[in-house]
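Novice: Below you'll find the structure I mean.
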Amino acid sequence: MGAEGIAAVAPHAPARDGARRGRGIAYQIPRNSLALLMVAQVAVVLPFLLHLAPWLIAVCLFCCCWRYGVYQGRWDYPSRLLKALVVVAAVAGVALSNVPGFSLEAAASLLNLAFALKLIEMKNRRDAYVVIFLGYFLIATLFLFDQSMLQAGYQLFAIVVVTAAMVGMNQLATRVRPFSNLRLAGALILQALPLTVVVFLFFPRLAPLWSVPLPNASVTGLREEMTPGDVAELGRSDALAFRAVFTGAPPAPRELYWRALVYSRFDSGTWSVGPDPGAAAGPDFDRDETTARSYEVLLEPTFARWLVALETPLPESPGIVLTRDWRLQAPDPVLAVYRYRARAYSGAVPEPDLVRPMRARETALPAEDNPRIRAFAVALREATPDTRAFVDALLTHIRSEPYFYTLNPPVLPREHSIDRFWFETRRGFCTHYAGAVVFMLRAVGVPARLVGGYQGGEVNPITGHVVVRQYDAHAWVEYWQPGAGWIRVDPTGAVAPARIEQGLRAALSAEDRASLPVLGGVRLRESGMVRGLLDWVDSLDHRWNLWVVGYDGQLQADVLKRLLGEVTPLRIGIAVATGGALSGAVVALILFWRRRPPSRHPVERMFAGFCARMARLGWARRPDEPPGSYLDRVAAAAGQSADARARTIARLNGLLYNPAAPGGRAELRQLRGELRRLQFRLAFGPSSGVPG
Amino acid sequence: MAAALGERVFALLGSRFWRWLDRRIPPSSPIVLSQRNVFIFPTPTGFAFGGLIGLLILGGINYQSSLVYAVAFLLGSMFLVTILYTFRNLSGLRLELVGARPGFVGEDLEFTVRVTRPAAGSGRARGREGIQLGWPRGIMQWAELYEREAATVRVYLAASRRGFFHPGRLLIETYYPLGLLRAWTWVDLGARALVYPRPLFDELPQTSSGRRDEGELIDPQGSEDFSDIRAYRAGDPVRHILWRSFARGGELAVKRYASYLEPRLWLDLEATRGSLEERLSRLTGLALQAARLDREFGLRLGALTVPPARGEAHLERVLRALALHGLPDADASTGEAGRGR
């Protein structure tokens, strides 16, 4: 024989490809997780559409598309240069858009960009976790812009998707089963909810530690400057302004003049609040507690400090300032739903004497502006020297001349705007009429001011609270008389009485109505069924604001007192421990309950017990052994005759495979005895101790 | 110096840990995992997640936003719930060493572990996934028990010395479901595998070393010159089967070859060059080649002599003898085939 070819002989080697698998290949993010991350990104970024620049969201969605291309294997990861370019362009974009540099919007924009760009370039496990954590962070960030119940429900869904992606990170890379991940993530979140509620109830609410960049989103709502067209714009919006809960029945809507801002300064066709008048010296007016109304307001975020209040207000919640023009002011801008209590003294005369600086402030007018209406006012004043009669004459003028109330007033110039309106266009919204009246009052030396706020509201029949929406925004006039103080006049009542009595809808012309969005709340509320549904949604949302969004230190103290009777550290500790243990026990029960062996048929149970006892004697049943063969083996070892063995086996098989057969109980007893004898013989018999 | 000291302290602590572990989780196969022997601790990712929650609470405080608080609490609660999930993923698993394959020095040895989850109770039993097994210095392998109730996992570890190889404790860990927590345990399944010397391939000697008288014997089988055909008998080399006649529908038949002057091969430690390990390696190589060529060979290892034979079992006996030569392993003399069960 030759030796050729021997060198090529390989040694016998165990299969080893399995051991090397994964060593040479770079880490890959599991596809399941990738797919879910892409869904998560869309889910997280989409709601920001309402709050951030649209181009930003477009960039995010584009990144997501790119990632999808990579996922499908059609596109490559972006090159390093491209990534750098995109980052620079995006940051420059944020800097150049009209968002202030150090604001919540800028921060949220950058976070969104980071989230999107990281998604494209992520390759390893850590990258993926960065994206996941950013996702959670963005979900929480959105609550600084919107805290409605609908949004919260959506965000819960987004959390489930992000969590599902996180689950995917810990699965075999080849598993693609996104729905089971979503189900598991949903179960996790659901099971975490009880504990969340416990912590939410008991976690101490602290005061802000430092000042933070505030969102300065342009929410629809009243602003500190107002050109007459502004409120007309609000008239189209059915966004919620605030909800109010009265102790007792709410007053009729026409009595509800919610003061928010006082515009004391007029310049170039624009009313503004002017310099801060400061806090009131004290509630030094006569208070008649019998007519006082107590109410609680849940104000939607306004990003300003003003609060709404009925006249004449006194704050009940701590921290709220009563200003010299009898308004309420929050200590900080209202970023989230803000709840406060106040009392209204409707008959009070808070300012019987007007101090000189205030008088100057409330009579100031630009010298040159609107000469015609000035002349008109002075002429009318000469005819009616009494101020009240003068005001009445003005209202009569509005009522008798062809003035119109409309959501679509013609645009007025900055100069001589009131002249133009009063004598030429004669079409306007509440601000036009009120502004003109204030101007004329000041022109004849009567202290007067334009008050902006909300008028009316709807009572929700389910919870009985008053809902005030942006289209209830209104402006009216206050003028001052010695001894009588500030007197409210609403010129809109002269041109469109229905606005005051029944709200905006009733006062709108067919033309205005047509300009409203068909699916907008203003129109939808007209149909009975939809209205019922909307009322129901509103009542839910109200409770949400009342108990969840508005859950602050004050409410927490009340709730804890109601829950525990007395709030001591010991009681809180016990309550937290009990709540935590209960919620943990629920989860443990769900997870481990199914592990218990099922209740089996008595025959099976008995046979299993027999097998276990025999195993202890050294005669274990092999996993692949049918019950009959096993019994045969054991019984043979015990020295039983073939006949007896066959009988026992037939009995066992009959009971096991036909448990419903008649006479089963007697058979079972018989079998039990036989097995017991068998066991005895094996344990103590002559042939014991040699398991085969 | 300090590093060396640190290493020693570490080693001391390490050995203490392993001794403690021996008391805590005594060696056994099969072993069932339960709260007695499963540890759980947050991963670095888990700590980062804690940081995220802290950040969110800070945001909730500074913005006085109930819902930001709520997100933080929800994530925190989810983290706590995950403790149960992660633990449950390992709890109840039954681990059993099924086999250990012998190998050569420098190769990865294959150990087969069977992982079984608790039998499905009523309703749908939950699958387990994301379970990883491996030796401390080896590569972790995944065990998927999502649809199946049991999985057979092969875990590998490189052997560095011949003889019986004890890989130590097997690490079972899981990061499932969120990767924020790691549940793990070290179990001693009593695994050991036989490691043969690393083969060194020399030219196979044409004539045997050893006693001259045996060299003259005529070997009736296993050579090149065709002699006759006879019916197949169990044990005949597969290469000699006459497949063509079998394909025609006939019986299995083998061609017989005869070689005259076919010497028996003796692998002799004494007659090999080099250090002891080198010599053992050479002999291993020779044994492998001889077996490959289906030649009859015997082994002389000092006092131990394995008479010439051929076949898989014989090769294993020879390799085993080579592997255990001069080692104090007690069962070296039992002579049982190296299945390493």
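Residue numbers (our numbering), protein chains in the order written: chain A, 4 to 695; chain B, 1074 to 1414.
Each residue gets a CB set at the ideal place from its N, CA and C atoms; glycine is no exception.
As the structure is a computational prediction, the values presented were derived from the model and not from experiment.
Starting from arginine 1379(B), trace the beta strand (DSSP E) both ways and give me its first and last residue.
Specialist: Position 306 of the second sequence, counted from the start, is the residue given in the question as residue 1379(B). Per the sequence shown, the amino acid found at residue 1379(B) is valine instead of arginine. Note, valine 1379(B): beta strand (DSSP E), 1377–1382.
Novice: Could you name the residues of chain B that methionine 169(A) contacts, counting a contact when the two beta carbons are closer than 7 Å?
Specialist: For the purposes of this step, residue 169(A) is identified with residue 166 of the first sequence, where counting begins at 1. Simply Leu1251 and Gly1252.
Novice: Which residues share a DSSP beta bridge with proline 450(A)?
Specialist: On the first sequence, position 447 is the one that residue 450(A) refers to. Paired residues: none, contrary to the question.
Novice: For the region 1306–1371 of chain B, list the alpha helix (DSSP H) runs that are entirely contained and at least 4 residues long, ordered along the chain.
Specialist: Correct list: 1316–1320 and 1349–1365.
Novice: So, at 7 Å on beta carbons, what are the nonlocal neighbours of serine 1354(B) in its own chain, with the 5 sequence-adjacent residues on each side left out?
Specialist: Taking the second sequence and counting its residues from 1, the one referred to as residue 1354(B) is at position 281. If we look at serine 1354(B) and ignore the five residues flanking it on each side, its Cβ neighbours are Pro1270, Arg1271, Pro1272 and Leu1273.
Novice: With a Cβ-Cβ cutoff of 8 Å, do isoleucine 421(A) and glycine 438(A) count as a contact?
Specialist: Numbered from 1 along the first sequence, position 418 holds the residue referred to as residue 421(A). Numbered from 1 along the first sequence, position 435 holds the residue referred to as residue 438(A). Contact: yes.
Novice: Based on DSSP bridge pairs, tell me the residues matched to valine 480(A).
Specialist: Counted from its first residue, the first sequence places residue 480(A) at position 477. According to DSSP, which records beta bridges pairwise, valine 480(A) is partnered with Leu453(A) and Val492(A).
Novice: With a threshold of 8 Å between beta-carbons, can alanine 1223(B) be considered close to chain A, or not?
Specialist: The residue labelled residue 1223(B) in the question sits at position 150 within the second sequence. Taking Cβ atoms only, chain A never reaches closer than 8 Å to alanine 1223(B), which makes this a no.
Novice: How would you label glycine 1127(B), buried or exposed, when you count the other beta carbons within 10 angstroms and need 16 or more for buried?
Specialist: Along the second sequence, one-based indexing puts residue 1127(B) at 54. Result: exposed.
Novice: Considering Cα atoms alone, identify which of Met125(A), Thr250(A), Ala168(A) and Ala386(A) is closest to glycine 467(A).
Specialist: As a working mapping, residue 467(A) is identified with position 464 in the first sequence. Nearest C-alpha to glycine 467(A): Thr250(A).
Novice: Is there a C-beta anywhere in chain B that falls below 8 Å from the one on glutamine 332(A)?
Specialist: Start at 1 with the first residue of the first sequence, and residue 332(A) comes out as number 329. It does not: the Cβ of glutamine 332(A) has no partner Cβ on chain B nearer than 8 Å.
Novice: Which residues in chain B sit within 8 Å of glutamine 31(A), going by Cβ to Cβ distance?
Specialist: Counted from its first residue, the first sequence places residue 31(A) at position 28. Chain B residues near glutamine 31(A): none, gap ~14 Å exceeds 8 Å.
Novice: Give me the Cα-Cα distance between tyrosine 474(A) and proline 81(A), rounded to the nearest whole angstrom.
Specialist: Working through the first sequence from its first residue, we reach residue 474(A) at position 471. Working through the first sequence from its first residue, we reach residue 81(A) at position 78. Spanning the two alpha carbons is a distance of roughly 49 Å.
Novice: Near serine 1195(B), which residues of its chain fall below 6 Å by C-beta distance, leaving aside the five closest residues on each side in sequence?
Specialist: As a working mapping, residue 1195(B) is identified with position 122 in the second sequence. Because serine 1195(B) sits at a pLDDT of 36, beneath the cut-off of 50, its placement in the model cannot be relied upon, and the following sentence gives the value as read from the coordinates. So no residue of the chain qualifies.
Novice: Would you call the region 1147–1165 of chain B and the region 1102–1116 of chain B touching, i.e. three or more CB-CB distances under 8 Å?
Specialist: Contact between the region 1147–1165 of chain B and the region 1102–1116 of chain B is present, because at least three Cβ pairs lie under 8 Å.
Novice: Once DSSP output is grouped into helix, strand and coil, what is the label at phenylalanine 595(A)?
Specialist: Here residue 595(A) refers to the residue found at position 592 of the first sequence. DSSP places phenylalanine 595(A) in helix when its eight states are reduced to three.
Novice: Is tryptophan 1257(B) helix, strand or coil when you go by DSSP?
Specialist: Along the second sequence, read from residue 1 onward, the residue named residue 1257(B) stands at position 184. Of the three classes helix, strand and coil, the one that applies to tryptophan 1257(B) here is strand, per DSSP.
Novice: In the region 586–597 of chain A, which residues sit with their C-beta less than 8 Å from some C-beta in chain B, listed in chain order?
Specialist: Listed by position, the residues of the region 586–597 of chain A near chain B (Cβ gap below 8 Å) are Ser586, Gly587, Val590, Ala591, Leu594, Phe595 and Arg597.
Novice: Drop a sphere of 10 angstroms on the beta-carbon of alanine 1264(B), count the other beta-carbons inside from all chains shown, and report buried for 16 or more, exposed for fewer.
Specialist: Residue numbering aside, residue 1264(B) sits at position 191 when the second sequence is read from its first letter. So alanine 1264(B) counts as buried.
Novice: Would you check if the distance between the CB atom of cysteine 614(A) and the CB atom of arginine 625(A) is smaller than 8 Å?
Specialist: Within the first sequence, numbered from 1, the residue matching residue 614(A) stands at position 611. Within the first sequence, numbered from 1, the residue matching residue 625(A) stands at position 622. No. Outside cutoff.
Novice: According to DSSP, simplified to helix, strand and coil, what is glycine 1236(B)?
Specialist: Translated into the one-based positions of the second sequence, residue 1236(B) becomes position 163. Strand, per DSSP.
Novice: Please confirm if glutamine 44(A) has its CB atom under 8 Å from at least one CB of chain B.
Specialist: Translated into the one-based positions of the first sequence, residue 44(A) becomes position 41. Output row for glutamine 44(A): interface = no.
Novice: Closest Cβ-Cβ distance between leucine 659(A) and chain B: below 8 Å?
Specialist: If you number the first sequence from 1, residue 659(A) lands on position 656. Closer than 8 Å: no.
Novice: Can you check which of these residues, Trp329(A), Ser100(A) and Arg268(A), is closest to glutamate 314(A) by C-alpha distance?
Specialist: Translated into positions along the first sequence, residue 314(A) becomes position 311. The option with the nearest alpha carbon to glutamate 314(A) is Trp329(A).
Novice: Go to tryptophan 58(A), then tell me how far its alpha helix (DSSP H) extends in each direction, as first and last residue.
Specialist: As a first step, residue 58(A) must be located in the first sequence, where it is residue number 55. Note, tryptophan 58(A): alpha helix (DSSP H), 57–75.
Novice: Closest by CA to alanine 188(A), which one among Thr1247(B), Leu1251(B) and Arg1235(B)?
Specialist: Within the first sequence, numbered from 1, the residue matching residue 188(A) stands at position 185. Looking at the Cα atoms, Leu1251(B) is the closest of the given residues.
Novice: Counting only C-beta atoms, is tyrosine 139(A) closer than 8 Å to chain B at any point?
Specialist: Translated into the one-based positions of the first sequence, residue 139(A) becomes position 136. Closer than 8 Å: yes.
Novice: Can you tell me the Cα-Cα spacing of leucine 1267(B) and arginine 1393(B), whole angstroms?
Specialist: Translated into the one-based positions of the second sequence, residue 1267(B) becomes position 194. Translated into the one-based positions of the second sequence, residue 1393(B) becomes position 320. Looking at the two C-alpha atoms, the distance is approximately 7 Å.
Novice: Measuring only between beta-carbons, confirm whether tyrosine 157(A) sits less than 8 Å from chain B.
Specialist: For the purposes of this step, residue 157(A) is taken as residue 154 along the first sequence, with counting starting at 1. Tyrosine 157(A) does not count as touching chain B.
Novice: With DSSP collapsed to three states, give me the class of serine 622(A).
Specialist: The sequence position of residue 622(A) within the first sequence is 619, counting from 1. In the sequence as presented, serine is not what sits at residue 622(A); that position holds tryptophan. Tryptophan 622(A) falls in the coil class under three-state DSSP.
Novice: Just list the residues that DSSP pairs aspartate 635(A) with in beta bridges.
Specialist: The residue you call residue 635(A) lines up with position 632 of the first sequence. Aspartate 635(A) pairs with nothing; no bridge assigned.
Novice: Give the straight-line distance between the Cα atoms of arginine 423(A) and alanine 382(A), rounded to the nearest whole angstrom.
Specialist: Taking the first sequence and counting its residues from 1, one reaches residue 423(A) at position 420. Taking the first sequence and counting its residues from 1, one reaches residue 382(A) at position 379. Each residue's Cα considered, the two are about 18 Å apart.
Novice: Excluding the 5 residues preceding and the 5 following tyrosine 1305(B) in the sequence, name in chain order all residues of the same chain whose CB lies nearer than 8 Å to its CB.
Specialist: By 1-based counting over the second sequence, the position of residue 1305(B) is 232. The residues are Ile1314, Glu1324, Leu1325, Ala1326 and Val1327.
Novice: Taking buried to mean at least 16 other C-beta atoms within 10 Å of its own C-beta, is glycine 496(A) buried or exposed?
Specialist: Sequence index remark: in the first sequence, residue 496(A) carries index 493 (1-based). Per the 10 Å Cβ criterion, buried.
Novice: Apart from the five residues on each side of it in sequence, which residues of its chain come closer than 6 Å, Cβ to Cβ, to tyrosine 1248(B)?
Specialist: Sequence index remark: in the second sequence, residue 1248(B) carries index 175 (1-based). Result list for tyrosine 1248(B): Arg1255, in chain order.
Novice: Can you pull out the residues from the region 169–201 of chain A whose beta carbon lies closer than 7 Å to at least one beta carbon of chain B?
Specialist: Cβ contacts with chain B: Met169, Val170, Met172, Asn173, Gln174, Leu175, Leu187, Leu191, Ile192, Gln194, Ala195, Leu198 and Thr199.
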